[in-house]
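The structure appears below as structure tokens.
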Amino acid sequence: MNKLTSYTIKKIHKSYIEKILTPTSFIDLCLQKAKQASELNAFVTLTVEEAENHGIESEKRLYIDKNVKPLEGISIGIKDNFCTKNISTTCASNMLRNFVPTYDATVYSRLRQAGACLIGKCNLDEFAMGSGTIDSIFGPTRNPWGYRKNDDKWRIAGGSSGGSAVAVSSGACVAALGSDTGGSTRNPAALCGVVGLKPTYGLVSRYGLIPLVNSMDVPGIIARTVEDVTAVLNCIAGPDELDSTTLKRDFNPIVMKELDMSKIKIGIPKEYNCVGMSKDVLETWQYVTKLLKNEKTMIRSVSLPNTSVSIAVYSILNQCEVASNMARYDGLEYGLRANEDYSTEELYASSRSQGFNNVVRWRIFAGNYFLLARNYDKYFIKALKLRRLISNDFKNVFNGEDSVDLLLTPTTLTDAPRYEDFVSKHNRDQCAFQDYCTQPANMAGIPAVSIPVRLSNDNLPVSLQLMGPCLSEDLLLNVARKIEQLVNFQHTHNF
Amino acid sequence: MKYMKSDLFKLSHFFRRRALCSRYVSTNIEKWQSVVGLEVHAQLNTESKLFSGAQNTFGGLVNNCVSLFDAAIPGTLPVLNRKCVELGIMTALALSCKINEVSTFDRKHYFYADLPSGYQITQQRAPLASDGVIDFQVYTPGIHKKPYKKSSKIKQIQLEQDSGKSLHDAELKRSLVDLNRAGAPLIELVFEPDLEDGEEAAALVKELVLVVQRIGACSGRMEEGALRVDANVSIRRPGAPLSTRTEIKNIGSVRGVAGAIRHEIERQRNILENGGRITNETRSWDAVNKVTIAMRDKEVVQDYRFMPEPNLPPLRVNLKTKEDSRDVISVPLIQERIPELPAETRRNLIEKSQLRPETAVQLVNEPLLLKHFQDLTLDKERDPIKVANLLINDLLTVLNKCKIDPEKCPVTKKQLVELVDLFLSKEINLEVCRNILNELVTSEIDKDKPIVDLVHQKGWALVTDTEIITQLCKEVLDNNPKLVKQYKDGKTKVFKALMGILAKNSRSKYDMSLVSKIMEDLLKK
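Encoded structure:
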């Protein structure tokens, strides 16, 4: 990794002020990096013109106005399911291949207000439905770890925000936004050896995020360090009038501080030790537990008894909301319109079958089935009840007797799978497997962060996840930073 | 032979039908009960739409009042318009509903070109308000002799989005979509099937229009689609279960409601009496041909796949205190803002102004005339009964004859004040009064021109000069000695004949009560 493109925000700002580096030169470097790494396919669109203009604006503010914004001159990538004004936003789908929004998602406009510079829009699974970033009309994204030119044994990036994770991991961006519905930010972050945060539901606005599951979607943040993730969170979190589900109370920026780790209680949920979890992952989990014990942190085994049903419940709720959210793609106002004019129904049917891939169509079918009047109670209502139980499991371990402050679990069950192995299984089965540890946090709306710990036997990153109660980001991120310091993970891939 | 047989058949069939008809006329007419329930959609009178900032207006330039959300642009989210909630609550309170402390929004899915998101946001499971009642007077002049009181329970009132409008060009085989109305705020009022016929339904709708107009929740303009009525109609033999119901969609006027339901009841009765079956279907009202027509595209049973709207948190209101915040509306504060409602106005007209119930009903049904009445009777010298009769029996008759909407009555308050005073001081009689109203409604008359000028110009002034009248009476008596003799012989009813002769012979208008007095005096001399 190029030294400059592995700098943290703090270091970059220091270099800007000391004029070792300027925003325009840094942004240039990032763009070069993105182009060099183009075979990884992290970006759907490189926004070269915007990046350069944003860099010039930053430079002017820095050196003429002497005004350093929190993300001044910081290169960012945005998953291509966040709307960006006058920049195409495709959701990696034929349906929106030519869709150019006329408005900015709240998170993007807040990043811009904070001085960030847009490098490009990042690849994803179509409409964020997947956990590999392989189901994109623009082709799969490749993991920089273990990648060799002209070798078809490459690893997947994880997903669905694989493009965002690779953009950061490869050094094209300091930070990137993903979206996290069942682990879509944490999973690729974990497989690509970067930090991925899923904030509390309602803490960050969804306005302008093209929805997958409205009741679980959260904009996620990916960066190389916990501190950088926190800096980005501080800029985008807080109430938004345009999203009625954002929490109304003001957000207090999080400050990184030294913690007395002996005062922290961490739970190890036994249900997360599940079938299919690799030895590398298990050992990494034990390794960090031991490190924390050395810090005199109180470690306790806890139980979240409804974990095993969570993935099935998640899958039903996901498909129901997908069926509903996808109903708007009829080819009339925007999006793909088939050349069919026999009847309106025909037009809808052919536009939708040409516009969506198999995974999307399959979920629409399933979701509509669950929502039929005769099935509603049997599936949807039942799933909602179980969702409540899953959510209560977390409340109990965080609030009940013998409560813990945070939970420590793996993020994924294995390190990054090979592409050829991954595609041999159905999307549904892959999601059920890959999302096992991550989706419960979305069901409960709680924050979770994935942090890279060490390398597996195959020299691939293995990461762990910390979860905390709603709005515990301050503690969560400070403990994550402590673990980050203890494990001292090194970015040693070829990019 | 063949001919004969078929003719015979025809004949027998004819007789059977006649027999059925006469039986129905004589005995069966009471033996069917009809049951009617209404669902009414009222557009809320707000600046902006239910969930977006786009302008909420009627008749705007096509697709010009459409926000990104209204066009279902991906990534946009609904933000509830507080004003819509307030107007919904106000309407619900005016109809004695229970306001629900927590209500929620649902998505109702169906594919249609004028529904861009593929679902309508409504309140299916937990509506804004429930369990209300509307009391109203049923009185259609010419159909009912007297008003009677009726009420219908309200199951629920819910907030929901309107759809856009589709325009089909059959010639070019193209459909065009106007999204100006998409996302406009509606309240849907679901009434229990408490009504018996079209007239009751029409009276309910009229009362509802008056209520929503009074509180400013809805313009009530049915011709603009601001208030749309769906009617569920079924019939049964007394004591028997209800037959299959049909639904008449989107009836666009008060009289349309009465007509559509009357025809639908008749249609169903004819089918059942001829041994047929009613199918559960949606029909539309053809106001020109006065028939209900089956709507073909609605035959398939729709499964709307209702689902909670995940982008809107539950709507909470404060039922107990007057504490009002940005996110929690105080219901008691809204209660205070409710003005006098039509039922109370009618009660006041009957009790305080001594009007007859039917006059009160008619007057309240015409808000502009009611306003004139209230302005005119501010002066206690003016007799409210006479003023009301003048407005309802005379002005309204002229307006109806000329097919002018009473709300657009061209007669000004100033003109009415002068006219009423001329009439009450007997300077003109009722006939002249009617002529003047007719002139004022039909001719372009300078609004500032005094009525008295018009009276003189037309030679309609009432003669009250005793000398002239005495002279005239003398002439009549002199010319009719026979009648005078009969009168003096005790046959006093010939007095009317003498008066008639006088009225017939004279071209000017006389104060007839004065004439009568003078004539009587002369005869007794």
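Residue numbers (our numbering), protein chains in the order written: chain A, 433 to 927; chain D, 689 to 1213.
We treat Cβ as the ideally placed atom computed from N, Cα and C, and that holds for glycine.
For residue i, does the count of other Cβ atoms within 10 angstroms reach 16, so buried, or fall short, so exposed?
i	result
A/Tyr774	exposed
D/Asp1141	exposed
D/Asp1096	Inspection of the sequence shows that residue 1096 of chain D is occupied by Lys rather than by Asp. It is exposed - the Cβ of D/Lys1096 has fewer than 16 other Cβ atoms within 10 Å.
A/Ile496	exposed
D/Val713	Note that D/Val713 scores 39 on pLDDT, short of 50, meaning its location in the model is unreliable; the coordinates nonetheless yield the value given after this. That one is exposed.
A/Cys624	buried
A/Tyr746	buried
A/Ser616	buried
A/Thr534	exposed
A/Asp649	buried
A/Leu641	buried
A/Lys446	exposed
D/Ile1156	exposed
D/Ile923	buried
A/Ser694	exposed
A/Ile444	buried
D/Ile981	exposed
D/Gly830	exposed
A/Val598	buried
D/Leu855	exposed
D/Arg711	In this predicted model, D/Arg711 has a pLDDT of only 36, less than 50, meaning its place in the structure is not dependable; the value taken from the coordinates is given anyway. Exposed: under 16 other Cβ atoms inside 10 Å.
A/Thr437	buried
D/Tyr1198	buried
D/Ala891	buried
D/Thr715	With a pLDDT of only 42 at D/Thr715, under 50, the local geometry of the prediction cannot be trusted, and the value read off the model is given with reservation. Looking at its Cβ environment, which holds fewer than 16 other Cβ atoms inside 10 Å, D/Thr715 is exposed.
Determine which residues share a DSSP beta bridge with residue i and list them.
i	result
A/Ser628	Strictly speaking, residue 628 of chain A in this sequence is Gly, with Ser absent from that position. In the DSSP output, where bridge partners are listed per residue, A/Gly628 has A/Ile654, A/Ser882.
D/Arg935	Note that residue 935 of chain D is Glu in the sequence shown, not Arg. Answer is D/Asn920, D/Thr970.
D/Ser839	D/Asp823
D/Asp794	D/Thr810, D/Pro996
A/Ala607	A/Ile508, A/Ala655
A/Asp612	A/Val650
D/Ala817	D/Ile787, D/Ile845
A/Ala669	A/Val636
A/Ile700	A/Ser733
Does any C-beta atom of chain C lie closer than 7 Å to the C-beta of residue i?
i	result
A/Asp675	Absence of chain C from the displayed structure is noted, the protein chains being A and D.
Going by DSSP, what residue range makes up the beta strand (DSSP E) through residue i?
i	result
D/Trp973	970-974
D/Tyr807	807-810
D/Gly1200	Per the sequence shown, residue 1200 of chain D should be read as Met rather than Gly. Run containing D/Met1200: none in the beta strand (DSSP E); it sits in the alpha helix (DSSP H), 1200-1212.
A/Val476	475-478
D/Glu727	721-731
D/Asn1006	1003-1006
A/Arg732	730-734
A/Thr841	838-842
Would you kindly report the start and end of the unbroken alpha helix (DSSP H) that includes residue i?
i	result
D/Gln990	D/Gln990 -> no alpha helix (DSSP H), and no H or E assigned at all.
D/Asp1166	1154-1167
D/Leu1056	1055-1064
A/Ala864	859-866
D/Ala982	Segment 979-982 is the beta strand (DSSP E) holding D/Ala982; no alpha helix (DSSP H) there.
D/Leu1142	1139-1145
A/Leu899	The identity of residue 899 of chain A in the sequence shown is Met, whereas the question assumes Leu. Careful: A/Met899 lies outside any alpha helix (DSSP H), inside the beta strand (DSSP E) at 893-899.
Examine the ligand NAP and report whether any of its heavy atoms sits within less than 6 Å of the Cβ of residue i.
i	result
D/Lys853	Absent from the structure shown: the ligand NAP. Ligands present: none.
If you measure beta-carbon to beta-carbon, which residues of the segment 747-771 of chain D are closer than 9 Å to chain A? Leu756, Ala759, Ala760, Ile761, Pro762, Gly763, Thr764, Leu765, Pro766, Val767, Leu768
Closer than 8 Å, Cβ to Cβ, to anything on chain A: give me those residues from the segment 994-1008 of chain D, in chain order. Phe994, Met995, Pro998, Asn999, Leu1000, Pro1001
Enumerate, from N- to C-terminal direction, the unbroken alpha helix (DSSP H) stretches of 4 or more residues contained entirely within the segment 848-930 of chain D. 886-902
Where are the alpha helix (DSSP H) runs, 4 residues long or more, that stay fully inside the segment 754-797 of chain A, in chain order? Listed in chain order, they are 776-787.
Residue ranges of each alpha helix (DSSP H) within the segment 465-523 of chain A, 4 or longer: 480-495
Contact set between the segment 727-752 of chain A and chain D, restricted to residues whose Cβ is under 7 Å from the partner: Cys752
With 9 Å as the limit, tell me which residues of the segment 756-771 of chain A have their beta carbon closer than that to any beta carbon of chain D; keep them in chain order. Ser756, Asn757, Met758, Ala759, Arg760, Tyr761, Asp762, Leu764, Glu765, Tyr766, Gly767
Can you pull out the residues from the segment 786-806 of chain A whose beta carbon lies closer than 7 Å to at least one beta carbon of chain D? Asn800, Leu803, Leu804, Ala805
Against chain A: residues of the segment 779-801 of chain D by CB proximity under 7 Å: Arg795, His797, Phe799, Ala801
Using a Cβ-Cβ cut-off of less than 8 Å, list which residues of the segment 831-843 of chain D approach chain A; keep chain order. So the list is empty, because no residue satisfies the distance condition.
Beta carbons nearer than 9 Å to chain D: which residues of the segment 515-545 of chain A have them? Cys515, Thr521, Cys523, Leu528, Phe531, Pro533, Thr534, Tyr535, Ala537
Any residues in the segment 592-609 of chain A with a beta carbon nearer than 7 Å to a beta carbon of chain D? Which ones, in chain order? none
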